[in-house]
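Novice: Residue numbers (our numbering): 37 to 248.
Submitted below is the structure of interest, expressed as structure tokens.
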């Protein structure tokens, strides 16, 4: 069954609504330039209201010090670090004792072999955009993700997913997890319960189609 990760959570109300909608994982953005940025301490406060069964992920972009990531992960009380910048396989390997999801942006020139170079716990594929690190609202060729699934331990699929297209994406790729941000928002950092619920229901229906 594909897990559902709702990223860009900025407040407790949206976090609890995401859980009620059926999300398995929540993402907190620790990138200062993001419109969805919150501090690790604020993420800890929000996470404190959540059931233990819900996973928490901290999102980082081009943080240069592994120690800074480790401190933020500890302060926020999240269970994994999602690296959404230009982090190298070598940099990721320095994050000992931390579950790492490496995000790669799919655009012209992207090859599946790039994903295979990362020995992280999971790889997330998102759409390339020159002016943004995630949250683009645009899809990419899912056949690339389908091929990448064969060379990584766990594949997270992101990039322009919405309640309207996520079922098709799940059936086409069969990812370990799907990741949504702008596709369930009314504005950057503000989630819609209706859209989140519709997204989760679409994923579950697609899974039922696949399993019979």
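From the three backbone atoms N, C-alpha and C, an ideal C-beta is built for every residue, glycine too.
1. Taking only the alpha-carbon atoms, compute the straight-line gap between residue 134 and residue 96 and give it to the nearest angstrom.
2. Using the three-state DSSP reduction, which class does residue 233 fall into: helix, strand or coil?
3. Compare the C-alpha of residue 241 against each of 212, 230, 206 and name the closest.
4. Going by beta-carbon coordinates alone, are residue 40 and residue 236 separated by less than 8 Å?
5. Relative to the C-alpha of residue 136, which candidate in 118, 124, 122, 149 has its C-alpha closest?
6. Taking DSSP as the reference, what is the three-state secondary structure of residue 44?
7. Note the first and the last residue of the continuous alpha helix (DSSP H) segment covering residue 205.
8. Which two residues bound the contiguous alpha helix (DSSP H) that contains residue 105?
9. Mind checking who residue 213 pairs with in its DSSP beta bridge?
10. Quick check: what's the CA-CA separation for residue 145 versus residue 175?
11. Where do the ends of the alpha helix (DSSP H) carrying residue 75 lie?
12. With a CB to CB cut of under 8 Å and the five nearest residues on each side skipped, what residues in its chain are close to residue 19?
13. In terms of alpha-carbon separation, which member of 197, 219, 218, 220 lies closest to residue 209?
14. Between residue 111 and the rest of its own chain, which residues show a CB-CB distance below 7 Å, the 5 nearest in sequence each way excluded?
15. Distance, Cα to Cα, residue 149 vs residue 229?
16. Looking at residue 215: is its Cβ nearer than 8 Å to the Cβ of residue 238?
17. In the DSSP output, what is residue 254 paired with across the bridge?
18. With a threshold of 16 other CB atoms inside 10 Å of the CB of residue 223, please say whether the residue is buried or exposed.
19. Flag this pair as yes or no: are the beta carbons of residue 54 and residue 227 separated by less than 8 Å?
20. Note down, in chain order, each residue of its chain lying with its Cβ closer than 7 Å to the Cβ of residue 225, except the 5 sequence neighbours on either side.
Specialist: From the atom records:
1. 13 Å
2. helix
3. 206
4. yes
5. 118
6. coil
7. 202-209
8. 102-112
9. 39, 192
10. 16 Å
11. Per DSSP, residue 75 belongs to no alpha helix (DSSP H) and is neither H nor E.
12. Shown here, the chain extends from 37 to 248; a query on residue 19 therefore has no answer.
13. 197
14. 76, 77, 80
15. 38 Å
16. no
17. The shown model of the chain, from 37 to 248, leaves out residue 254, and the question about it has no answer.
18. exposed
19. yes
20. 44, 46, 71, 72
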